[in-house]
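Input: a single structure, listed below in structure tokens.
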Amino acid sequence: MKKKRKEKNFSSFLNNPIDFTLLITILLLLSIGLIMVLSASSPSALAESGNSYSYFSKQLLFAVLGIIAMLFISKIDYRFYQKFYKHAWILAFILLALVLVAGRKVNGAKRWIYVTETLSVQPSEIVKLLMIIFYAGILVKNRDELDKYAKGFIKNIILLAPIIGLLLLEPHFSASIVIIGICSIMMIMAGCKFKDFLATGGIAGIPLLVILIIKEPYRLQRVITFIDPWKDATDTGWQVIQSLYAIGSGGLFGVGLGESKQKFLYIPEPHNDFIFSILGEELGFIGCAFVLILFAIFIWRGVLIAMRAPDMFGSLVAIGITSLVAIQVIINVAVVTSSMPATGMPLPFFSYRRNSFIYTTV
């Protein structure tokens with residue numbers, strides 16, 4: 004009888020209707036992202052490989068793979084992942100430790116594992132998803148103690164320390180911020196008290212952040228550059244100044260698709276973290292507003308799905324994935340508009356980092 008009930012539940016899950024608003028939003032973001040990668044990367048690709056389409060073709064491949072994976076994974080009952088939430092934490096720890104042992108150092112940081120010269124994996128992107136599954140599972144398990152400071156807040160937040168520690172050893176400061184943000188939102192939504200975050204953040208979090216910034220000269224330099232990028236306009240302030248030039252020259256309607264001037268080797272790697280600048284230059288305020296509205300719709304649908312989830316685990320997974328996209332969009336746009344110090348934060352569905360595969364899948 005139990006077996007039949009389980010089969011019925013799983014069959015019912017497979018036949019659940021698709022959220023077409025969310026699906027169309029994702030496909031629109033992915034399509035615009037591909038167009039912008041093609042436009043932004045063509046000068047760099049031509050200069051590096053002699054092929055204007057080299058970055059675009061790879062991004063298109065991973066986008067197609069992402070859509071296929073999305074359709075497949077959408078048919079898997081999310082409750083299946085709850086059984087393995089502890090394994091998710093262990094796997095995250097192993098992946099980050101493996102980076103430190105077998106990763107290749109690029110620009111002073113170990114963040115990538117190279118399988119071949121052309122195929123590489125960034126474990127921190129996978130770890131973000133693993134931590135969402137882990138925290139959804141552990142918060143469900145500890146739901147009755149979440150309103151307590153020691154047994155709720157401290158007990159759950161301390162589980163994050165080893166993961167963040169490994170990320171800081173790479174170092175990968177931006178990924179640490181994203182994961183802390185995601186897990187904090189999930190804990191608050193699950194029932195942890197917001198005042199506990201404020202108190203602990205004020206006493207320990209802010210001083211630790213200041214120490215981490217001061218300890219590494221490049222982080223301190225980014226803060227100084229943020230305060231006055233024109234003080235060193237030809238070196239540390241170059242990228243953000245060129246980004247502001249690009250966005251400013253776009254005006255209301257933009258200079259036209261493919262007509263950007265800043266992508267011609269003014270903005271370093273314009274198809275990566277600063278692709279929003281090229282979007283602003285070519286499509287103007289209207290184009291930027293349209294893309295941000297699409298992201299807002301994505302977040303709205305994610306929150307709605309979380310509210311309608313039949314159980315706590317599903318709700319927390321939904322809010323975790325929504326937070327993952329939302330935090331990265333906010334930080335990326337803030338960086339390219341010089342609203343916060345620069346950090347390596349990709350724009351979901353847009354930046355050339357195979358994010359189309361990761362985000363379409365989730």
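Counted the way the numbering used here counts, the sequence shown spans residues 4 to 365.
Each residue gets a CB set at the ideal place from its N, CA and C atoms; glycine is no exception.
Here the structure is a predicted model, which means the values were calculated and not measured.
Cα-Cα separation, residue i to residue j
i, j, result
"Tyr221", "Gly347", "12 angstroms"
"Tyr58", "Val336", "22 angstroms"
"Ser177", "Val213", "15 angstroms"
"Gln265", "Leu25", "33 angstroms"
"Asn12", "Gly317", "Bear in mind that a pLDDT of 46 at Asn12, under 50, signals an unreliable position, so the model cannot answer this."
"Ile27", "Ile322", "19 angstroms"
"Asn19", "Ile71", "18 angstroms"
"Lys151", "Ile129", "31 angstroms"
"Val67", "Leu74", "11 angstroms"
"Leu63", "Leu37", "7 angstroms"
"Met192", "Gly259", "43 angstroms"
"Gly254", "Leu286", "9 angstroms"
"Asp147", "Ala153", "13 angstroms"
"Leu171", "Gly184", "15 angstroms"
"Thr325", "Cys186", "12 angstroms"
"Ser52", "Ala345", "28 angstroms"
beta-carbon residue i near the ligand PLP non-hydrogen atom, thresh 7 angstroms
i, result
"Ser342", "What this structure holds is no ligand at all, so the ligand PLP is not there to describe."
Whether residue i touches residue j by CB criterion (8 angstroms)
i, j, result
"Leu327", "Pro46", "no"
"Ile278", "Phe352", "no"
"Leu162", "Pro126", "no"
"Leu49", "Ser55", "yes"
"Pro349", "Asp276", "yes"
"Phe1", "Cys195", "Within the shown structure, residues of the chain are numbered from 4 to 365, placing residue 1 beyond reach of any answer."
"Met343", "Phe197", "no"
"Leu132", "Leu94", "no"
"Ile270", "Gln242", "yes"
"Val226", "Ile330", "no"
"Tyr355", "Ser44", "yes"
"Glu173", "Lys113", "yes"
"Ile135", "Val320", "yes"
Bridge partner(s) assigned by DSSP for residue i
i, result
"Tyr117", "Ser123"
"Lys1", "Nothing about residue 1 can be reported from this structure: the residues present for the chain run from 4 to 365 only."
Next item on the list: Report the residue ranges of all alpha helix (DSSP H) runs contained in full by the segment 311-348; include only those spanning at least 4 residues, in chain order.
Entry: 315-339
Next item on the list: Any chance you could list the beta strand (DSSP E) runs of at least 3 consecutive residues sitting entirely within the segment 287-312, in chain order?
Entry: none
Notebook entry, point to check: Is there contact here, the segment 100-112 with the segment 287-307, by at least three beta-carbon pairs under 8 angstroms?
Noted result: no
Check: Taking contact to mean at least 3 C-beta pairs separated by less than 8 angstroms, is the segment 64-81 in contact with the segment 96-106?
Finding: no
Check: Between the segment 28-35 and the segment 308-318, are three or more C-beta pairs nearer than 8 angstroms?
Finding: no
Checklist line | At least 3 beta-carbon pairs within less than 8 angstroms: the segment 202-209 vs the segment 125-144 | finding: no
Next item on the list: Output the residue ranges of the beta strand (DSSP E) runs that lie fully inside the segment 223-248 and measure 3 residues or longer, sorted by chain position.
Entry: none
Check: Does the segment 283-300 come close enough to the segment 237-253 to have 3 or more Cβ pairs within less than 8 angstroms?
Finding: yes
Item checked: Runs of alpha helix (DSSP H) wholly within the segment 12-63 (minimum 4 residues, chain order) -> 23-52
Next item on the list: May I have a chain-ordered list of the alpha helix (DSSP H) segments no shorter than 4 residues that lie completely inside the segment 162-199?
Entry: 164-172 and 176-193
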